[in-house]
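First to last, the sequence lines map onto chains P and C.
Sequential numbering from 1 applies to the first sequence in my numbering.
Sequential numbering from 1 applies to the second sequence in my numbering.
What follows is one structure encoded as structure tokens, with my remarks underneath.
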Amino acid sequence: MNQQKNLNPFELWKDLFNQSSTIIDENLKDESTSKVMGQVLEMNLLYKKMLNETTEQYFEQVNIPTRTDLSNISALIINVDSKVDDLEDLVEETASNLVSQAELKREMTDVKNKIKTLDTKLNEIINLLTKETTTNNNKVASKETTKIQQG
Amino acid sequence: MSNTSLKEWTEFSNLTLVPEEVKGQYERFTKATNVLVREPEPEVGQSPKEVIWTRNKAKLYRYTSEQPRKHAVPLLLVYALINKPYILDLTKGSSFVEYLVDRGFDVYLLDWGTPGYEDKNMKMDDYVLDYIPRAVRKVLRASNAKEVSILGYCMGGTLTSIFAALHSELPIRNIVFMTSPFDFEDTGLYGSFLDEKYFDVDKVVETLGNVPPEMIDFGNKMLKPMANFYGPYISLVDRADNEQFIKSWKLIQKWVGDGIPFPGEAYRQWIRDFYQQNKLIKGELVIRGRKVDLKNITANVLNLAAEKDNIAQPHQVEALMNAISSKDKKYVLLPTGHASVAFGPKASKITYPTVADWLEKRSS
């Protein structure tokens, strides 16, 4: 089959693009590119600075708040916002500490109760032991008395 | 093109004389033009979420789901200061957040918000010492967990490393760094463009206040100008008959072209301390009077780099491995680029499972 290829401007452009792309990428590594970019930036900044200053002066003369004035007010609001946020954080921190204090208190009460129970039990044991000892002593004493009387 | 001429052309193109190839080209051009000028921007960041904390422009989101939470350790996502929060939640079916939530993670995201002119004095110090620690405490409180995992994407990972090094008292169990640069000794073309001899960062910040996203985007695109400025449009025309490709193309273009201003003082630090003086990896970085020592990082670390990444090249990412004290640490090189690590078919097939599997084992 004999296929005739049509002229395709897009494909042509794409080839050109690919070739120029490689050349440009290579040239970018050269120091002169950075130098030119730096100069272009500097020119733009100079123009922008001039524009900023002129606008600012004009606004001041006609008594209209400038961008700086508005941003100063915004900065004040942001400072208040930050302080409120700091306070909120402090409150949350304190609240969580309070919760842990309450837990601590509850645990202390538990320990106290347990110690009280132990104390009561110990007292009971001591009482029982004392009673036992007294009974034993009495028994021994009565036995000895009987022996003496018999002797 | 008016409706009449369009109709005429359509009739003409239907003639048998017109070769199929030309018809195909015409259709692709028409479709590409439609995509560029008529079709609406895609909707992004649609995973359901609630705001649990705000400060200045920053918000902390907690993603809600009907899926049960299976893992005890919550996950906080931190992204770069120059992006929008939806980059990790691009679209349904191709969202990192959605994937993690579906795998049973309790996911939070720290949205930096869009800084205004009044935020031009915001420094990295503020983000690292005032915002991230507070967000971590909020996450711990909201989830009632004892420990937390953090995932930092791009510059978000660099910020996370500084935060983790300065906050050894916080219970950080796992950290995932996703294409985050740590060593700035050899940054390729960035190094040439940002050379102190030609790039006066002080002048930039003093004149502009905040650095506009267009300037940052221009700098990123200049790494490969033809491929970045014109490449996407060539691909669009080339593959305009593929609906799935068009959908992804629109999403990625929205992502790339929808940056936010870089707060001036933070930009000054980022360029001078990182790109021009490489202080982080050398242990010379000082944040609010405190020296940042990466050796203080002891959490489990998964460090992901992308093979085709020009923004955070693999050697810049890998450098972290010898700088930290973590016993459980892993470096993985993924076959993706800087954006495709987080979005697209490779991200869905490789990145998401790599992160989730690693985290799953360390989140009980």
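Beta carbons are placed, not taken as given, at the ideal position from N, Cα and C, and that holds for glycine.
Note that the structure is predicted; figures quoted are calculated from it, not measured.
Check whether the Cβ atoms of residue 43 (chain P) and residue 198 (chain C) sit closer than 8 Å, and answer yes or no. If you number the first sequence from 1, residue 43 (chain P) lands on position 43. If you number the second sequence from 1, residue 198 (chain C) lands on position 198. Taking 8 Å as the Cβ cut-off, residue 43 (chain P) and residue 198 (chain C) do not qualify as a contacting pair.
With 16 other CB atoms within 10 Å as the buried threshold, where does residue 77 (chain P) fall? In the first sequence, the residue the question calls residue 77 (chain P) occupies position 77. That one is exposed.
If we ignore side chains and look at the alpha-carbon of each, how far apart do residue 318 (chain C) and residue 80 (chain C) end up? Walking along the second sequence from the start, residue 318 (chain C) turns up at place 318. Walking along the second sequence from the start, residue 80 (chain C) turns up at place 80. Looking at the two C-alpha atoms, the distance is approximately 19 Å.
The segment 145-162 of chain C contacting the segment 172-186 of chain C, beta-carbon criterion three pairs below 8 Å: Using a C-beta cut-off of 8 Å, the segment 145-162 of chain C makes contact with the segment 172-186 of chain C, since at least three inter-stretch Cβ pairs fall below that distance.
In chain C, which residues lie with their C-beta within 8 Å of the C-beta of residue 64 (chain P)? Residue 64 (chain P) sits at position 64 when you count from the first residue of the first sequence. Here the premise fails: no neighbours, minimum Cβ distance about 16 Å.
In three-state terms, what does DSSP make of residue 185 (chain C)? The count along the second sequence starts at 1 and reaches residue 185 (chain C) at position 185. Here residue 185 (chain C) sits in coil by DSSP.
Verify whether the separation of the beta carbon atoms of residue 294 (chain C) and residue 323 (chain C) is less than 8 Å. Looking up residue 294 (chain C) in the second sequence gives position 294. Looking up residue 323 (chain C) in the second sequence gives position 323. Cβ atoms of residue 294 (chain C) and residue 323 (chain C): closer than 8 Å.
Assuming residue 50 (chain C) is part of the beta strand (DSSP E), what are its boundary residues? Locating residue 50 (chain C) in the second sequence gives position 50, where the first residue counts as 1. That run of the beta strand (DSSP E) goes 49-55.
So which residues on chain C does residue 34 (chain P) lean against when the C-beta distance must stay under 7 Å? Indexing the first sequence from 1 puts residue 34 (chain P) at position 34. Correct list: 192, 193, 195 and 198.
Going along the chain, which residues of the segment 230-244 of chain C sit with their C-beta nearer than 7 Å to a C-beta in chain P? 230, 234 and 237
List the whole-angstrom C-beta distance separating residue 354 (chain C) from residue 336 (chain C), where the pair is believed to meet the contact cut-off of C-beta under 8 Å. Your numbering for residue 354 (chain C) matches position 354 in the second sequence. Your numbering for residue 336 (chain C) matches position 336 in the second sequence. Not confirmed; about 11 Å, so no contact.
Would residue 61 (chain C) pass as an interface residue toward chain P - the criterion being a Cβ-Cβ separation below 8 Å? Here residue 61 (chain C) corresponds to residue number 61 of the second sequence, with the count starting at 1. Residue 61 (chain C) does not count as touching chain P.
Taking its Cβ as the centre, do 16 or more other Cβ atoms sit within 10 Å of residue 358 (chain C), making it buried, or is it exposed? Counted from its first residue, the second sequence places residue 358 (chain C) at position 358. So residue 358 (chain C) counts as buried.
What residue range is occupied by the uninterrupted alpha helix (DSSP H) comprising residue 317 (chain C)? Sequence index remark: in the second sequence, residue 317 (chain C) carries index 317 (1-based). Taken as a continuous stretch (DSSP letters only), the alpha helix (DSSP H) holding residue 317 (chain C) covers 314-318.
Please name the residue, chosen from C:306, C:112, C:356 and C:311, that lies closest to residue 333 (chain C) on a Cα-to-Cα basis. Taking the first residue of the second sequence as position 1, residue 333 (chain C) is located at position 333. It is C:306 whose Cα lies nearest to the Cα of residue 333 (chain C).
Beta carbon of residue 267 (chain C) nearer than 8 Å to that of residue 190 (chain C): One-based indexing of the second sequence puts residue 267 (chain C) at position 267. One-based indexing of the second sequence puts residue 190 (chain C) at position 190. Going by C-beta atoms, residue 267 (chain C) is not nearer than 8 Å to residue 190 (chain C).
At 7 Å on the CB atoms, spell out the chain P contacts of residue 118 (chain C), in chain order. By one-based count along the second sequence, residue 118 (chain C) stands at place 118. Within 7 Å Cβ-Cβ: 71, 74, 75 and 78.
Chain P contacts made by the segment 172-190 of chain C, where a contact means CB separation under 8 Å: Under the 8 Å Cβ criterion, the segment 172-190 of chain C contributes 189.
Starting from residue 262 (chain C), follow its DSSP beta bridges and name the residues at the other end. The residue given as residue 262 (chain C) occupies position 262 in the second sequence. Beta-bridge pairing links residue 262 (chain C) to C:211.
Just checking, does the segment 110-129 of chain C make contact with the segment 54-65 of chain C on the three C-beta pairs under 8 Å criterion? yes
Limits of the unbroken alpha helix (DSSP H) element including residue 45 (chain C): Position 45 of the second sequence, counted from the first residue, corresponds to residue 45 (chain C). Where residue 45 (chain C) is concerned, there is no enclosing alpha helix (DSSP H), given that its DSSP letter is neither H nor E.
Grab the span of the alpha helix (DSSP H) containing residue 156 (chain C) for me, first residue to last. What you label residue 156 (chain C) is simply residue 156 of the second sequence in a count that begins at 1. Run containing residue 156 (chain C): 155-166, per the alpha helix (DSSP H) assignment.
When the cut-off is 8 Å and only beta carbons count, does residue 31 (chain P) lie next to chain C? Here the question's residue 31 (chain P) lines up with position 31 in the first sequence. Yes, contact with chain C.
What is the DSSP secondary structure of residue 177 (chain C), reduced to helix, strand or coil? In the second sequence, residue 177 (chain C) corresponds to position 177, counting from 1. Of the three classes helix, strand and coil, the one that applies to residue 177 (chain C) here is strand, per DSSP.
Those runs of the beta strand (DSSP E) which lie wholly inside the segment 266-319 of chain C and span at least 3 residues: 300-306
8 Å Cβ cutoff, residue 92 (chain P) in contact with chain C: In the first sequence, residue 92 (chain P) corresponds to position 92, counting from 1. By this cut-off, residue 92 (chain P) is an interface position.
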